[in-house]
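Since the structure comes first, as structure tokens, the remarks are kept for the end.
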Amino acid sequence: MKLYVGNLSFKTTEQALEELFATVGTVTDTHLVMDRMTQRPRGFGFVTMSTEEEGQKAIESLNGKTFDGRPISVSVARPKEDRPPRRDFGGEGGGGGGFREHRDRDRDRDRRGGGGYDRRRN
Numbered sequence: 001m002k003l004y005v006g007n008l009s010f011k012t013t014e015q016a017l018e019e020l021f022a023t024v025g026t027v028t029d030t031h032l033v034m035d036r037m038t039q040r041p042r043g044f045g046f047v048t049m050s051t052e053e054e055g056q057k058a059i060e061s062l063n064g065k066t067f068d069g070r071p072i073s074v075s076v077a078r079p080k081e082d083r084p085p086r087r088d089f090g091g092e093g094g095g096g097g098g099f100r101e102h103r104d105r106d107r108d109r110d111r112r113g114g115g116g117y118d119r120r121r122n
């Protein structure tokens, strides 16, 4: 049974996480999620227990327990397709900024050759 473990300290290691969960059953895999850019822990990970019973036991005994100075959250991991879609803040598209009417006004002024100031002579 794959478990989600949240609110982990950034100092927590996979080995320490495995040792904690080994107190309630057989751990078959541990994975701390790292930030792609900084390669630092993101504060959550996954632990796979060998059976459903051990997974339930881990949830019951470790959820809310203080580990590395923080109360951890332990629950059944949801498959990726069951999670709500994330909003994409990717690097595509872009700024532009400003109001459309300002852009249009500036474009029209540029076409007429007008500057920003009135060129009347006294």
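Under my numbering, think of the first position of the sequence shown as 1, with each following residue one higher.
Where is the CB? At the ideal position from N, CA and C, for every residue including glycine.
CA-to-CA distance, residue j to residue i, given in whole angstroms
| i | j | result |
| --- | --- | --- |
| L3 | V47 | 5 Å |
| P71 | T51 | 24 Å |
| G25 | K80 | 25 Å |
| R36 | F10 | 15 Å |
| I59 | R78 | 14 Å |
| S75 | N63 | 7 Å |
| E18 | T38 | 23 Å |
| G55 | R40 | 27 Å |
| K57 | L32 | 21 Å |
| T66 | E53 | 22 Å |
When the options are compared against residue i, the one with the closest alpha-carbon
| i | options | result |
| --- | --- | --- |
| M34 | L20, E14, E60 | E14 |
| R42 | L8, T28, A77 | L8 |
Nearest-angstrom Cβ-Cβ length linking residue i and residue j, presumed shorter than 8 Å
| i | j | result |
| --- | --- | --- |
| T28 | G45 | That belief does not hold up - the Cβ atoms of T28 and G45 are roughly 14 Å apart, past 8 Å. |
| D144 | T23 | Outside the modelled stretch of the chain, which goes from 1 to 122, sits residue 144, for which no answer is possible. |
| G6 | S61 | Not a contact, Cβ separation roughly 16 Å. |
| F21 | M49 | 7 Å |
Identity of the residues DSSP links to residue i by a beta bridge
| i | result |
| --- | --- |
| R70 | F67 |
| T30 | V47 |
| L20 | L20 pairs with nothing; no bridge assigned. |
| S75 | Y4 |
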